[in-house]
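Protein chains: 2
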Amino acid sequence: MADRKDIHNSDTPVLCQSCEARHNGMCGVLEPTELLALSKITRVVRHEAGAELAAEAQPVDSYANVMRGVVKLTKTLEDGRQQIVGLQFAPDFLGRLYTKESAVTAEAASDVDLCRVPRAALERLMSENPALEHRLMQQTLRELDEARDWMVTLGRKTASEKVASFLYLIATHLDPSHEGEAIRHFDLPLTRSDIADFLGLTLETVSRQLSRLRADKVIAITGNRHVDVMDMARLKSRCG
Amino acid sequence: MADRKDIHNSDTPVLCQSCEARHNGMCGVLEPTELLALSKITRVVRHEAGAELAAEAQPVDSYANVMRGVVKLTKTLEDGRQQIVGLQFAPDFLGRLYTKESAVTAEAASDVDLCRVPRAALERLMSENPALEHRLMQQTLRELDEARDWMVTLGRKTASEKVASFLYLIATHLDPSHEGEAIRHFDLPLTRSDIADFLGLTLETVSRQLSRLRADKVIAITGNRHVDVMDMARLKSRCG
DNA sequence: CGTCGAATTGACTTGGTTCAATCGACGTGG
DNA sequence: CCACGTCGATTGAACCAAGTCAATTCGACG
Numbered sequence: 001m002a003d004r005k006d007i008h009n010s011d012t013p014v015l016c017q018s019c020e021a022r023h024n025g026m027c028g029v030l031e032p033t034e035l036l037a038l039s040k041i042t043r044v045v046r047h048e049a050g051a052e053l054a055a056e057a058q059p060v061d062s063y064a065n066v067m068r069g070v071v072k073l074t075k076t077l078e079d080g081r082q083q084i085v086g087l088q089f090a091p092d093f094l095g096r097l098y099t100k101e102s103a104v105t106a107e108a109a110s111d112v113d114l115c116r117v118p119r120a121a122l123e124r125l126m127s128e129n130p131a132l133e134h135r136l137m138q139q140t141l142r143e144l145d146e147a148r149d150w151m152v153t154l155g156r157k158t159a160s161e162k163v164a165s166f167l168y169l170i171a172t173h174l175d176p177s178h179e180g181e182a183i184r185h186f187d188l189p190l191t192r193s194d195i196a197d198f199l200g201l202t203l204e205t206v207s208r209q210l211s212r213l214r215a216d217k218v219i220a221i222t223g224n225r226h227v228d229v230m231d232m233a234r235l236k237s238r239c240g
Numbered sequence: 001m002a003d004r005k006d007i008h009n010s011d012t013p014v015l016c017q018s019c020e021a022r023h024n025g026m027c028g029v030l031e032p033t034e035l036l037a038l039s040k041i042t043r044v045v046r047h048e049a050g051a052e053l054a055a056e057a058q059p060v061d062s063y064a065n066v067m068r069g070v071v072k073l074t075k076t077l078e079d080g081r082q083q084i085v086g087l088q089f090a091p092d093f094l095g096r097l098y099t100k101e102s103a104v105t106a107e108a109a110s111d112v113d114l115c116r117v118p119r120a121a122l123e124r125l126m127s128e129n130p131a132l133e134h135r136l137m138q139q140t141l142r143e144l145d146e147a148r149d150w151m152v153t154l155g156r157k158t159a160s161e162k163v164a165s166f167l168y169l170i171a172t173h174l175d176p177s178h179e180g181e182a183i184r185h186f187d188l189p190l191t192r193s194d195i196a197d198f199l200g201l202t203l204e205t206v207s208r209q210l211s212r213l214r215a216d217k218v219i220a221i222t223g224n225r226h227v228d229v230m231d232m233a234r235l236k237s238r239c240g
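Protein sequences, first through last, are from chains H and D. First residue of the first sequence? That's 1 in the UniProt record's numbering, and the numbers climb one at a time after it. First residue of the second sequence? That's 1 in the UniProt record's numbering, and the numbers climb one at a time after it.
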């Protein structure tokens with residue numbers, strides 16, 4: 001992890017000092033006094049992989065920031081067909097502002113640490129502090145951009161382009177610090193079945209395409225989950 | 001069009017008095033004095049079907065409100081494959097806030113009237129008036145919800161479910177006033193090829209599925225563009 | 001070493017694409 | 001007023017990418 005200038009101001013709550021969201025997430029816009037007030041009502045919660053954090057059409061009484069791990073947002077048709085409609089990484093904000101009912105199911109894809117904020121408290125803070133709403137607006141717009149990018153993948157790419165696009169997305173999101181390097185490696189935060197739900201494919205097709213990428217020496221796979229991308233440029237060229 | 005209470009305040013600019021956006025769009029949150037100031041720098045522009053309003057990766061120097069017609073937002077892969085990633089109806093706001101470059105191409109799907117606002121002017125107004133940003137936040141969140149709904153359609157529905165979902169979407173968006181009625185009729189704002197780009201299908205498949213819906217008496221089609229939905233409930237049941 | 005869930009691989013089927021022919025509405029010019 | 005060209009839509013037939021069903025294999029863990 002790269003060095004980062006931090007004032008380690010005595011006003012900054014201990015819990016927040018090492019937090020991703022403190023720097024790049026929504027808390028970055030808060031004044032020390034606001035941060036202190038906020039930190040008194042937040043709670044860091046650990047969830048293990050598979051835990052359901054919010055259910056479709058169910059009320060949610062808190063928002064959260066992802067501090068560690070990956071959260072998947074899914075939607076399900078009556079007959080059980082499922083689609084992942086978003087992935088949230090640290091330090092993303094989690095929750096649908098201004099609506100009690102979640103339109104999606106949120107589930108921990110890996111072990112996850114969340115920093116939870118009561119719904120009413122955040123909304124009050126937001127109404128007092130336009131900069132906070134502005135920051136969340138920025139994230140919402142980014143999520144909309146990402147959703148639209150993904151619609152192209154879902155609607156117009158072939159299975160092999162979809163799998164390549166997924167690997168490329170994970171490689172660039174999981175560890176942004178190695179930006180520009182040709183070789184990357186990471187552990188997949190999703191099972192084959194989850195990847196299939198993300199890509200609108202079956203798990204068999206995902207598996208076959210991963211095998212093909214491995215046979216073509218674009219990636220190496222060790223122990224099911226660990227992926228080495230041999231050449232990011234070559235991976236990108238397969239994204240369609 | 002249903003009756004609507006309006007104060008017809010003399011402070012309300014003439015141009016705005018009959019405008020959709022004045023009531024349900026972003027202008028609804030403005031004070032009469034702000035609206036007056038804004039109306040001095042807006043320009044109503046008419047575009048005919050097919051006109052390109054903004055291009056992918058090209059700078060845009062104004063935002064706009066859709067006053068009449070339908071605008072399609074598209075993304076294109078290098079090899080020409082295209083996907084529609086959003087449709088904007090009156091009184092939607094048009095434009096990507098805070099980023100000069102549009103990430104999508106905006107094109108008039110039908111003849112369109114836009115109310116254009118210079119970029120800098122709107123951003124200044126927004127920074128002075130948090131209620132305005134709040135309102136645009138609401139629309140952005142709604143668009144994100146819609147994009148995620150559509151991801152399920154693109155990723156997990158069959159061709160016939162996709163076409164039914166599209167007709168259902170258009171029927172409910174084009175004329176919200178007939179909400180709850182079993183029979184609806186409207187003119188499709190898109191060609192078969194556009195519909196295919198929206199659904200991630202080919203135009204032939206769209207045509208075949210429309211023919212099937214007609215054969216099954218779910219819809220009637222007259223003159224290529226006009227559609228009568230015989231029973232909204234039956235249409236909905238085919239949406240998967 | 002055995003068990004269990006996840007992943008891979010193979011054989012077969014199929015929904016949707018591709019390529020191609022035809023239709024129909026509309027506008028233009030002879 | 002009708003013949004012709006254009007453009008969008010429809011329909012048919014052949015093909016193929018991805019899905020389905022089923023059998024192993026792999027890897028983690030007790």
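Glycine included, every Cβ here is placed at the ideal spot set by N, Cα and C. Quick caveat: nothing in here was measured; it's all calculated off a predicted structure.
* At a CB-CB cut-off below 7 Å, which residues of chain H make contact with residue 282 of chain D? -> Lying before the first or after the last residue shown, residue 282 of chain D is absent from chain D, which here runs from 1 to 240.
* Asked: Which whole runs of the beta strand (DSSP E) in the segment 38 to 66 of chain H are 3 residues long or more, in chain order?
  -> 43 to 47 and 52 to 54
* **Nearest neighbour of D:G240, chosen from D:S160, D:V218 and D:H178 [CA to CA]** => Walking along the second sequence from the start, residue 240 of chain D turns up at place 240. Checking every option, the nearest Cα to that of D:G240 belongs to D:S160.
* Asked: Roughly how many angstroms lie between the CA atoms of D:C115 and D:N65, to the nearest whole one?
  -> Residue mapping note: residue 115 of chain D aligns to position 115 of the second sequence, counting from 1. Residue mapping note: residue 65 of chain D aligns to position 65 of the second sequence, counting from 1. One C-alpha to the other measures close to 5 Å.
* To do: Put H:R184 into one of helix, strand or coil per three-state DSSP.
  => If you number the first sequence from 1, residue 184 of chain H lands on position 184. In the structure shown, H:R184 sits in a strand (DSSP, three-state: E or B).
* Go ahead and label D:Y63 buried or exposed: buried means 16 or more other beta carbons lie within 10 angstroms of its beta carbon, across all protein chains shown. => As a first step, residue 63 of chain D must be located in the second sequence, where it is residue number 63. Buried: at least 16 other Cβ atoms inside 10 Å.
* Taking 8 Å as the CB-CB limit, is H:A64 close to chain D? -> Translated into positions along the first sequence, residue 64 of chain H becomes position 64. False, the Cβ-Cβ gap to chain D never drops below 8 Å.
* Asked: CB-CB under 7 Å to D:V227, same chain, minus the five flanking residues each way: which ones, in chain order?
  -> Residue mapping note: residue 227 of chain D aligns to position 227 of the second sequence, counting from 1. So the qualifying residues of the chain are L167, H185, F186, L188, I219 and I221.
* Asked: Buried or exposed: which applies to H:V71, given that a residue is buried once 16 or more other Cβ atoms fall within 10 Å of its Cβ?
  -> For the purposes of this step, residue 71 of chain H is identified with residue 71 of the first sequence, where counting begins at 1. Flag for H:V71 reads buried.
* Asked: Looking at the C-beta of D:D92, does it have a partner C-beta in chain H at a distance below 8 Å?
  -> Counting from 1 along the second sequence, the entry for residue 92 of chain D is found at position 92. For D:D92, the answer is no, since every Cβ of chain H falls outside 8 Å of its Cβ.
* Among D:S127, D:S193 and D:L210, which one has its Cα closest to the Cα of D:A109? -> If you number the second sequence from 1, residue 109 of chain D lands on position 109. The shortest C-alpha separation from D:A109 is found at D:S193.
* With 8 Å set as the bound, which would you pick, yes or no: does the beta-carbon of D:V152 sit closer than that to a beta-carbon of chain H? -> As a working mapping, residue 152 of chain D is identified with position 152 in the second sequence. Judged by the 8 Å Cβ criterion, D:V152 is in contact with chain H.
* Asked: If you measure beta-carbon to beta-carbon, which residues of the segment 86 to 114 of chain D are closer than 9 Å to chain H?
  -> G86, R96, L97, Y98, T99, A103 and V104
* **Min CB distance H:E143 to chain D below 8 Å** => Along the first sequence, read from residue 1 onward, the residue named residue 143 of chain H stands at position 143. True, the Cβ-Cβ gap to chain D drops below 8 Å.
* To do: Go through its chain and collect everything with a Cβ distance to D:L53's Cβ below 7 Å, but skip five positions before and after it.
  => In the second sequence, the residue the question calls residue 53 of chain D occupies position 53. H47, V71, A106, E107 and A108.
* Length of the line joining the Cα atoms of D:F93 and H:P32 -> Position 93 of the second sequence, counting from 1, holds the residue named residue 93 of chain D. Position 32 of the first sequence, counting from 1, holds the residue named residue 32 of chain H. Looking at the two C-alpha atoms, the distance is approximately 35 Å.
* Does D:T140 get closer than 8 Å to chain H when you measure Cβ to Cβ? -> Mapped onto the second sequence, residue 140 of chain D falls at position 140. So yes, D:T140 belongs to the interface.
* To do: Using 7 Å as the cut-off, classify the Cβ of H:L125 as near or not near the heavy atoms of the ligand FAD, replying yes or no.
  => For the structure depicted, the ligand FAD is absent and the ligand set is empty, with no information on it obtainable.
* Any C-beta of chain D under 8 Å from that of H:A54 -> Counted from its first residue, the first sequence places residue 54 of chain H at position 54. It does not: the Cβ of H:A54 has no partner Cβ on chain D nearer than 8 Å.
* Sub-8 Å separation of D:Q83 and H:M151 beta-carbons -> Working through the second sequence from its first residue, we reach residue 83 of chain D at position 83. Working through the first sequence from its first residue, we reach residue 151 of chain H at position 151. Yes, they are a contact pair.
* Asked: Taking the alpha carbon of D:D61 as the point to measure from, which residue in D:A55, D:R119, D:Q88 and D:G95 has its own alpha carbon closest?
  -> For the purposes of this step, residue 61 of chain D is taken as residue 61 along the second sequence, with counting starting at 1. Of the listed residues, the one whose Cα sits closest to D:D61 is D:R119.
* Asked: Cα separation between H:R225 and D:G180?
  -> Counted from its first residue, the first sequence places residue 225 of chain H at position 225. Counted from its first residue, the second sequence places residue 180 of chain D at position 180. C-alpha separation (whole angstroms): 49 Å.
* **Own chain residues within Cβ distance below 6 Å of H:T205, not counting five before or after** => Within the first sequence, residue 205 of chain H is the residue found at index 205, counting from 1. Here the set comprises A159.
* Status (buried if at least 16 other CB within 10 Å, exposed otherwise) for D:V14 -> As a working note, residue 14 of chain D is residue 14 in the second sequence. Per the 10 Å Cβ criterion, exposed.
* Thinking C-alpha only, which one of D:R142, D:P91, D:A215 and D:G86 is nearest D:G25? -> Residue numbering aside, residue 25 of chain D sits at position 25 when the second sequence is read from its first letter. Taking only the C-alpha atoms, the option nearest D:G25 is D:P91.
* Asked: Any beta-carbon of chain D closer than 8 Å to the one on H:R81?
  -> The count along the first sequence starts at 1 and reaches residue 81 of chain H at position 81. With 8 Å as the cut-off, H:R81 counts as an interface residue toward chain D.
* **Through-space distance from H:K162 to D:D6, alpha-carbon basis** => Along the second sequence, one-based indexing puts residue 6 of chain D at 6. Along the first sequence, one-based indexing puts residue 162 of chain H at 162. Residue placement at D:D6 is flagged as unreliable, the pLDDT there being 49, under the threshold of 50; the coordinate-derived value follows with that caveat. When rounded, the distance between both Cα atoms is 51 Å.
* Can you have a look at H:E78 and say buried or exposed, based on whether 16 or more other CB atoms are within 10 angstroms of its CB? => The residue you call residue 78 of chain H lines up with position 78 of the first sequence. So H:E78 counts as exposed.
* What does a CB cutoff of less than 6 Å around D:A171 pick up in its chain, not counting 5 residues either side in sequence? -> Start at 1 with the first residue of the second sequence, and residue 171 of chain D comes out as number 171. Same-chain partners within the cutoff: R184 and V229.
* Asked: Helix, strand or coil: how does DSSP classify H:L15 here?
  -> Counting from 1 along the first sequence, the entry for residue 15 of chain H is found at position 15. Three-state result, H:L15: helix.
* Listed by chain order, chain D residues near H:T75 by CB distance under 8 Å -> Residue mapping note: residue 75 of chain H aligns to position 75 of the first sequence, counting from 1. Here residue 75 of chain H turns out to be Lys, not Thr, going by the sequence shown. Simply R148, D149, M151 and V152.
* To do: With a threshold of 16 other CB atoms inside 10 Å of the CB of H:S177, please say whether the residue is buried or exposed.
  => On the first sequence, position 177 is the one that residue 177 of chain H refers to. Exposed, since its Cβ has fewer than 16 Cβ neighbours within 10 Å.
* Asked: Can the beta-carbon of D:E56 be found less than 8 Å from the beta-carbon of D:S102?
  -> The residue labelled residue 56 of chain D in the question sits at position 56 within the second sequence. The residue labelled residue 102 of chain D in the question sits at position 102 within the second sequence. Closer than 8 Å, so yes.
* **Range of the contiguous alpha helix (DSSP H) that encloses D:K157** => The residue you call residue 157 of chain D lines up with position 157 of the second sequence. That residue, D:K157, is in no alpha helix (DSSP H); it is neither H nor E in DSSP.
* Taking the C-alpha atoms as reference points, what is the distance between D:V85 and H:R43? -> The residue you call residue 85 of chain D lines up with position 85 of the second sequence. The residue you call residue 43 of chain H lines up with position 43 of the first sequence. Roughly 37 Å between the two C-alpha positions.
* To do: Spell out whether any CB of chain D is found under 8 Å from the CB atom of H:R156.
  => Position 156 of the first sequence, counting from 1, holds the residue named residue 156 of chain H. So yes, H:R156 belongs to the interface.
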